[in-house]
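Q: The structure that follows is given in the form of structure tokens.
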Amino acid sequence: MIDFRKRRLDSLGFRVARLFRINGCLLEKKLAGSGLTMGQVPYIQITLEKGGQTQDQLAARACVNRAATARTLKTLEKLDFVVRKENPKNRRQKLVYPTDKAREVLPHLLGILDEHDDMMFNDFSTEEKELLLRLLDRVIGTVKTELGSCGKESCYER
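First residue of the sequence shown: 610, per my numbering; consecutive thereafter.
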């Protein structure tokens with residue numbers, strides 16, 4: 610008989626997935642007052658880092674499929690966090706830019722994210738934190754290598 614409990618306890622994938630879900634629940638609570646969801650935050654950050662990207666470029670940077678990116682951008686546009694403008698070099702293409710509202714909410718978002726990171730590392734020494742991040746980077750690198758480029762130019766770039 611398969612011991613599913615033992616399999617879960619020995620599984621990095623199970624732990625990462627569980628952390629993702631638990632972390633998401635907590636982060637959604639913290640973001641509630643901002644009008645944003647956890648899935649929208651990367652797009653705010655990416656567009657503020659470099660405005661004027663295509664939807665496909667944003668999908669690649671966020672490592673999210675194009676359909677989900679389209680839905681998220683549509684919502685962010687309705688909420689006035691991003692605006693799409695015609696690409697002067699290719700009139701069939703739209704470029705996504707952050708709005709003033711996105712710029713205004715950024716300090717609040719960064720405060721939430723920094724506080725959240727501090728909470729997750731609360732019981733860690735500096736050395737333990739650095740070690741965990743290095744180990745996770747190695748796992749990410751291994752998975753990226755196994756996955757290949759997947760057509761995404763900068764999936765999970767640091």
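For glycine and all other residues, C-beta sits at the position ideal for the given N, C-alpha and C.
(1) Whole angstroms is fine: what's the gap from L640's alpha carbon to H717's?
(2) Checking the sheet assignment: what are the DSSP bridge partners for Y706?
(3) For a test of the three-state rule: what should DSSP assign to T663, helix, strand or coil?
(4) Considering I631, what are the terminal residues of the alpha helix (DSSP H) in which it resides?
(5) Please return the same chain residues whose Cβ sits closer than 6 Å to the Cβ of F730, not counting the five positions on each side in sequence.
(6) Can you give me the start and stop residues for the alpha helix (DSSP H) that F733 sits inside?
(7) Please go through the same chain and pick out, in chain order, the residues whose beta-carbon is closer than 7 Å to the beta-carbon of K698, but skip the five residues on each side of it.
(8) Determine the direct distance from the alpha carbon of M647 to that of L685, and round the result to whole angstroms.
(9) Measuring CA to CA, which of P651, A679 and T663 is closest to R701?
(10) Which partner residues of N674 appear in the DSSP bridge assignment?
(11) Output the distance between the C-alpha atoms of T656 and L756, rounded to the nearest integer angstrom.
(12) Taking the alpha-carbon of L667 as reference, which of G642, V692, V705 and L635 has the nearest alpha-carbon?
(13) Kindly give me the distance between the Cβ atoms of Y652 and A671, rounded to whole angstroms, as I take these residues to be in contact under 8 Å.
(14) Please report the straight-line C-alpha distance between R747 and V625, rounded to a whole angstrom.
A: Per the coordinate set shown:
(1) 9 Å
(2) V692
(3) strand
(4) L621 to L640
(5) K738
(6) Counting along the chain, F733 falls outside any alpha helix (DSSP H), and DSSP gives it neither H nor E.
(7) none
(8) 12 Å
(9) T663
(10) Answer by DSSP bridge pairing: none, since N674 is not bridged.
(11) 26 Å
(12) V705
(13) 6 Å
(14) 14 Å
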